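Okay, structure first, notes after.
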Amino acid sequence: MSSPAKLEGRHVVQEQRGLGAAARGAVALVWFYEGWWCKVWPGRADQRAIVGDVPFLPAWAVTTALVAIGLAELLLGLWALSGRRARAAALVQTALVAGFNAGGLLFSPGQIDEPGRLLTQNLAFVALVWMVAETSEKAAAR
Numbered sequence: 750m751s752s753p754a755k756l757e758g759r760h761v762v763q764e765q766r767g768l769g770a771a772a773r774g775a776v777a778l779v780w781f782y783e784g785w786w787c788k789v790w791p792g793r794a795d796q797r798a799i800v801g802d803v804p805f806l807p808a809w810a811v812t813t814a815l816v817a818i819g820l821a822e823l824l825l826g827l828w829a830l831s832g833r834r835a836r837a838a839a840l841v842q843t844a845l846v847a848g849f850n851a852g853g854l855l856f857s858p859g860q861i862d863e864p865g866r867l868l869t870q871n872l873a874f875v876a877l878v879w880m881v882a883e884t885s886e887k888a889a890a891r
């Protein structure tokens, strides 16, 4: 029979795995929402306007660019959900969030009603992304 300490340790590991899966799921859902709902179907007018304000992007290419970004976000959500190469995924997610925020604020500031809210929410999201990466790396090391 296992000692109480070993049983408790297994319980903690199982609980951490459950929390890690839930956190990965939360990150993936953000990417699925942002990619599919906001950019592909049905798409949001503000997202279209922001992409439409990107310099040197012709008007005829806005829909294609928006769908490509949305599909890339869906793939990123699947990567985050998988838990594979979690630090690399976190790095890519951080770079994309920073790039999307910078692009929106530089090229289309009139389309972003509350820049402070945007940045605050995305900072919290990136913190969750890195928490997922760190817990995934620790789980892989066990």
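Position one of the sequence shown corresponds to residue 750 (my numbering), numbered consecutively onward. Beta carbons are placed, not taken as given, at the ideal position from N, Cα and C, and that holds for glycine. In this text the structure is predicted, and so the values were computed from the model without any measurement.
- Within the same chain, 819 and 823 come within 7 Å of residue 785 by CB-CB distance, once the 5 residues on both sides are set aside.
- The C-alpha of residue 830 lies about 6 Å from the C-alpha of residue 777.
- Ranking 794, 812 and 836 by CA distance to the CA of residue 881 puts 836 first.
- Following the DSSP letters along the chain, one finds residue 797 inside the alpha helix (DSSP H) bounded by residues 794 to 801.
- The DSSP-derived three-state label of residue 828 is helix.
- In the DSSP annotation of this structure, the continuous segment of the alpha helix (DSSP H) that includes residue 836 starts and ends at 835 to 856.
- DSSP, reduced to helix, strand and coil, places residue 790 outside both helices and strands of the structure shown, so it counts as coil.
- Taking a cut-off of 8 Å for Cβ pairs, the segment 808 to 815 and the segment 860 to 872 do not touch, as fewer than three such pairs fall below it.
- Residue 795 is positioned such that its CB atom lies no closer than 7 Å to that of residue 856.
- Between residue 875 and residue 841, the C-beta gap is not smaller than 7 Å, which leaves the two residues out of contact.
- Residue 791 has its alpha-carbon roughly 26 Å from the corresponding atom of residue 772.
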